[in-house]
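Enquirer:
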Amino acid sequence: QRVLEVETEPRMELEIQRDEADNFYVSGPQKGLVRINMRVAVGRQYFDGSLDGSVGWDAFEAGAGLDDRYLLNEAQTVLEMIGVSRGEQTPLQALERLVEYHREFEMRSAPRMEGIDRYVELSRLQLGVCRHRALLFTISAMALGFKTRYVFNEAHAFVEVHWPGQGWRRIDLGGAADTFDYQGRGDGSVHDGLGDEEFPRPESYEEEMSGFAGGDDNGEADAPGRGGTGEGGGDDPVDLMDQVREHQEMASEADGEESQRAEPGPTVELVEVDGEIYRGREVTIRGRMEPAQAGASVRVVLVPVGARDTGRGIPVGEADADAQGNFQARVTIPQEISLGRWRLKGEVIE
Numbered sequence: 002q003r004v005l006e007v008e009t010e011p012r013m014e015l016e017i018q019r020d021e022a023d024n025f026y027v028s029g030p031q032k033g034l035v036r037i038n039m040r041v042a043v044g045r046q047y048f049d050g051s052l053d054g055s056v057g058w059d060a061f062e063a064g065a066g067l068d069d070r071y072l073l074n075e076a077q078t079v080l081e082m083i084g085v086s087r088g089e090q091t092p093l094q095a096l097e098r099l100v101e102y103h104r105e106f107e108m109r110s111a112p113r114m115e116g117i118d119r120y121v122e123l124s125r126l127q128l129g130v131c132r133h134r135a136l137l138f139t140i141s142a143m144a145l146g147f148k149t150r151y152v153f154n155e156a157h158a159f160v161e162v163h164w165p166g167q168g169w170r171r172i173d174l175g176g177a178a179d180t181f182d183y184q185g186r187g188d189g190s191v192h193d194g195l196g197d198e199e200f201p202r203p204e205s206y207e208e209e210m211s212g213f214a215g216g217d218d219n220g221e222a223d224a225p226g227r228g229g230t231g232e233g234g235g236d237d238p239v240d241l242m243d244q245v246r247e248h249q250e251m252a253s254e255a256d257g258e259e260s261q262r263a264e265p266g267p268t269v270e271l272v273e274v275d276g277e278i279y280r281g282r283e284v285t286i287r288g289r290m291e292p293a294q295a296g297a298s299v300r301v302v303l304v305p306v307g308a309r310d311t312g313r314g315i316p317v318g319e320a321d322a323d324a325q326g327n328f329q330a331r332v333t334i335p336q337e338i339s340l341g342r343w344r345l346k347g348e349v350i351e
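Quick note: the sequence shown uses the numbering used here, first residue 2, plus one each step.
(1) Applying the criterion that 16 or more other CB atoms from any shown protein chain within 10 Å of the CB defines a buried residue, is V301 buried or exposed?
(2) Using the three-state DSSP reduction, which class does V100 fall into: helix, strand or coil?
(3) Note down, in chain order, each residue of its chain lying with its Cβ closer than 7 Å to the Cβ of V4, except the 5 sequence neighbours on either side.
(4) Are three or more beta carbon pairs between the region 48 to 64 and the region 99 to 113 nearer than 8 Å?
(5) Distance check for V274 and V349, CA to CA, integer angstroms please.
(6) For R36, which residues does DSSP report across the bridge?
(7) Hey, T285 and R331 are a contact pair by Cβ (cut 8 Å); roughly how many whole angstroms apart?
(8) Rank Y279, Y71, V160 by C-alpha distance to the C-alpha of G334 and give the top, closest one.
(9) Would you check if the distance between the CB atom of G44 and the CB atom of T91 is smaller than 9 Å?
(10) Go through its chain and collect everything with a Cβ distance to L128's Cβ below 7 Å, but skip five positions before and after it.
(11) Please list the terminal residues of the continuous alpha helix (DSSP H) segment that includes Q77.
(12) Do you know whose CA, among V162, L145, P316, lies nearest E81's CA?
(13) How far does the alpha helix (DSSP H) with R125 in it reach, from first residue to last?
(14) Thinking C-alpha only, which one of V162, R150, V79 is nearest V122?
(15) Return helix, strand or coil for F200, following the three-state DSSP convention.
(16) Helix, strand or coil for P165, going by three-state DSSP, please let me know.
(17) May I have the straight-line CA-CA distance separating V85 from A60, to the nearest angstrom?
(18) Enumerate in chain order the residues of its own chain whose CB-to-CB distance from K148 is below 6 Å, with the five nearest sequence positions on each side excluded.
(19) Hey, A293 and A324: beta-carbon distance below 9 Å or not?
(20) Answer with buried or exposed for G175, where buried requires no fewer than 16 other C-beta atoms within 10 angstroms of its C-beta.
(21) Which residues mark the beginning and the end of the beta strand (DSSP E) in which R300 is found?
(22) Who are L153's beta bridge partners in DSSP?
(23) Kindly indicate which three-state DSSP category M108 falls into: helix, strand or coil?
(24) Please report the straight-line C-alpha distance between V27 and L15, rounded to a whole angstrom.
(25) Could you check how far apart the C-beta atoms of G66 and L73 are, in whole angstroms? I think they sit under 8 Å.
(26) Can you tell me which of the three DSSP states S141 falls into?
(27) Identify, in the order they occur along the chain, each residue of the same chain with its Cβ nearer than 7 Å to the Cβ of H157, setting aside the five sequence neighbours on each side.
(28) Find the nearest neighbour of A297 within the set T311, R19, Q329, judged by alpha-carbon distance.
(29) Can you tell me whether M210 is helix, strand or coil according to DSSP?
(30) Sort out for me which residues DSSP pairs Q329 with in a bridge.
(31) Could you please give the first and the last residue of the uninterrupted alpha helix (DSSP H) stretch that includes Q46?
(32) Please tell me whether Q167 and Q46 are closer than 9 Å, where the distance is taken between their beta carbons.
(33) Assuming F138 contacts L99 (C-beta within less than 8 Å), just tell me the rounded distance between them.
(34) When DSSP labels each residue in this structure, what does R113 get in the three-state scheme?
(35) I'd like the span of the beta strand (DSSP E) that includes V26, first residue to last.
(36) Could you round the C-beta distance between A76 and I37 to whole angstroms and report it? I think they count as a contact, below 8 Å.
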């Protein structure tokens, strides 16, 4: 960043310093409350510039910045699991694979982890919000030799990777809260990551970024310190309203060689929700299955946004389809559901 202009109230001369991590520090001649407005400029390359693919591994020292031998060994385990190697990929290919893998994480709580390495286990499960993804990415990237920074504030966490000859490049791995209560931003917009065409963008990442760009602005679902577990009588909102009104389809999956020869199973489409979605509240879900199977049972499941199947979801209710394939389910949103972005999906009960 380059500082273009500084204004203070009350007016005074300031000294601005920058440390090795490019953080700014400001000092002035007097004590007390001072309002400071800084206007800075940032090169576009930092946000969405292409990286030079001709740069070789000789420009990167493996393990640079990681002095802990145990952590280096664990990082090698994770890199093998991800499928990244200095011997099999170019630096840019390795970086792209790291970005793709961490953008495929699911935004949901991790199980209890006692007596195991959380870095390895969270990487294996691909679970976590922005801070988990950014921190895990930083360790793995540094083990490969990429100079990497973990950057965070109260709203989001992301990474910066330094590329020889080009400087620092911001990389958003997703996982941010999809609603924020911004103040004083005027007509400004928020960088949402969807314009970054230089790195892989898995489907789950696209869903997260689209929800972030198009979500409502009440800031209730994911804002730190708000919401909760519904102990206040079921008045905590769950961020489902936008997602549940979209038509969701899911082909039922079968296992084994026989399923590979079988015809595709029925699909379930959720069409309408009647009622406000809050923890502990009942709502009516209407949908249809195709092809229609009179009497077939359908299960409605709460699934984390980006989940690859319903196996990690939370069943909330069941209903039987009529001769036309239509069904209606009266379901209860679980009181104990955790904060995060969820989506309602339907599946046929075999």
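Here a beta-carbon is modelled for each residue, glycine too, at the ideal position from N, C-alpha and C.
Please read these numbers as outputs of a predicted model, since none were measured by experiment.
Expert: Taking the structure as given:
(1) Looking up residue 301 in the sequence shown gives position 300. Taking a 10 Å sphere around the C-beta of V301, we find 16 or more other C-beta atoms and assign the residue as buried.
(2) For the purposes of this step, residue 100 is taken as the residue at position 99 of the sequence shown. DSSP, reduced to helix, strand and coil, places V100 within a helical segment of the structure shown.
(3) Taking the sequence shown and counting its residues from 1, the one referred to as residue 4 is at position 3. Correct list, in chain order: I17, M39, V41.
(4) These segments do not touch.
(5) On the sequence shown, position 348 is the one that residue 349 refers to. On the sequence shown, position 273 is the one that residue 274 refers to. Whole-angstrom Cα-Cα distance: 19 Å.
(6) Here the question's residue 36 lines up with position 35 in the sequence shown. Bridge partners of R36: E10.
(7) The count along the sequence shown starts at 1 and reaches residue 285 at position 284. The count along the sequence shown starts at 1 and reaches residue 331 at position 330. The Cβ separation is near 5 Å, so the contact holds.
(8) Here residue 334 is taken as the residue at index 333 of the sequence shown, counted from 1. One point to set straight first is that residue 334 is Ile, not Gly, in the sequence displayed. Answer by Cα proximity: Y279.
(9) Mapped onto the sequence shown, residue 44 falls at position 43. Mapped onto the sequence shown, residue 91 falls at position 90. Not in contact: G44 and T91 (Cβ atoms no closer than 9 Å).
(10) Within the sequence shown, numbered from 1, the residue matching residue 128 stands at position 127. Short of 7 Å from the beta carbon of L128, and not among the five residues preceding or following it, lie these beta carbons of its own chain, in chain order: F106, E107, R109, A111.
(11) For the purposes of this step, residue 77 is identified with residue 76 of the sequence shown, where counting begins at 1. First-last of the alpha helix (DSSP H) with Q77: 70 to 83.
(12) By one-based count along the sequence shown, residue 81 stands at place 80. Checked all of V162, L145, P316; the closest Cα to E81 is L145.
(13) Taking the first residue of the sequence shown as position 1, residue 125 is located at position 124. Its alpha helix (DSSP H) spans residues 119 to 126.
(14) Position 121 of the sequence shown holds residue 122. In the sequence on display, residue 122 carries Glu and not Val. Of V162, R150, V79, the residue nearest in Cα terms is V79.
(15) As a position in the sequence shown, residue 200 is number 199, starting the count at 1. Look at F200 here: in three-state DSSP terms it is coil, with no helix or strand label.
(16) Taking the sequence shown and counting its residues from 1, one reaches residue 165 at position 164. Per DSSP, reduced to three states, the secondary structure at P165 is coil, with no helix or strand assignment.
(17) Counting from 1 along the sequence shown, the entry for residue 85 is found at position 84. Counting from 1 along the sequence shown, the entry for residue 60 is found at position 59. A straight line joining the alpha-carbon of V85 with that of A60 spans about 17 Å.
(18) Start at 1 with the first residue of the sequence shown, and residue 148 comes out as number 147. These residues qualify, in order along the chain: H163.
(19) Translated into the one-based positions of the sequence shown, residue 293 becomes position 292. Translated into the one-based positions of the sequence shown, residue 324 becomes position 323. Yes.
(20) Residue mapping note: residue 175 aligns to position 174 of the sequence shown, counting from 1. G175 is buried by the Cβ-count criterion.
(21) Along the sequence shown, read from residue 1 onward, the residue named residue 300 stands at position 299. Here the beta strand (DSSP E) through R300 covers 298 to 305.
(22) By 1-based counting over the sequence shown, the position of residue 153 is 152. Residue 153 is actually Phe in this sequence, not Leu. Partner(s): A158.
(23) Taking the first residue of the sequence shown as 1, we reach residue 108 at position 107. Of the three classes helix, strand and coil, the one that applies to M108 here is coil, per DSSP.
(24) Within the sequence shown, the letter at position 26 stands for residue 27. Within the sequence shown, the letter at position 14 stands for residue 15. If you take the alpha carbons of V27 and L15, they lie about 7 Å apart.
(25) The count along the sequence shown starts at 1 and reaches residue 66 at position 65. The count along the sequence shown starts at 1 and reaches residue 73 at position 72. Contact between G66 and L73 is ruled out by a C-beta separation of about 11 Å, above the 8 Å threshold.
(26) Position 140 of the sequence shown, counted from the first residue, corresponds to residue 141. It is helical.
(27) Mapped onto the sequence shown, residue 157 falls at position 156. Here H157 has C131, A177 as same chain residues with Cβ atoms under 7 Å from its own Cβ, once five neighbours each way along the sequence are excluded.
(28) On the sequence shown, position 296 is the one that residue 297 refers to. Per the Cα distances, Q329.
(29) Taking the first residue of the sequence shown as position 1, residue 210 is located at position 209. The answer is helix: DSSP assigns M210 an H, G or I state.
(30) Walking along the sequence shown from the start, residue 329 turns up at place 328. In DSSP, Q329 forms a bridge with R287.
(31) Here residue 46 refers to the residue found at position 45 of the sequence shown. In the DSSP annotation of this structure, the continuous segment of the alpha helix (DSSP H) that includes Q46 starts and ends at 46 to 49.
(32) By one-based count along the sequence shown, residue 167 stands at place 166. By one-based count along the sequence shown, residue 46 stands at place 45. In this structure, Q46 lies closer than 9 Å to Q167 by Cβ.
(33) The residue you call residue 138 lines up with position 137 of the sequence shown. The residue you call residue 99 lines up with position 98 of the sequence shown. The pair is a contact, with the Cβ atoms about 6 Å apart (cut-off 8 Å).
(34) For this step, residue 113 is matched to residue 112 along the sequence shown. Coil at R113, not helix or strand.
(35) Position 25 of the sequence shown, counted from the first residue, corresponds to residue 26. The question names Val, but residue 26 is Tyr in the sequence shown. Element bounds for Y26: 25 to 28.
(36) Indexing the sequence shown from 1 puts residue 76 at position 75. Indexing the sequence shown from 1 puts residue 37 at position 36. The Cβ separation is near 40 Å, so there is no contact.
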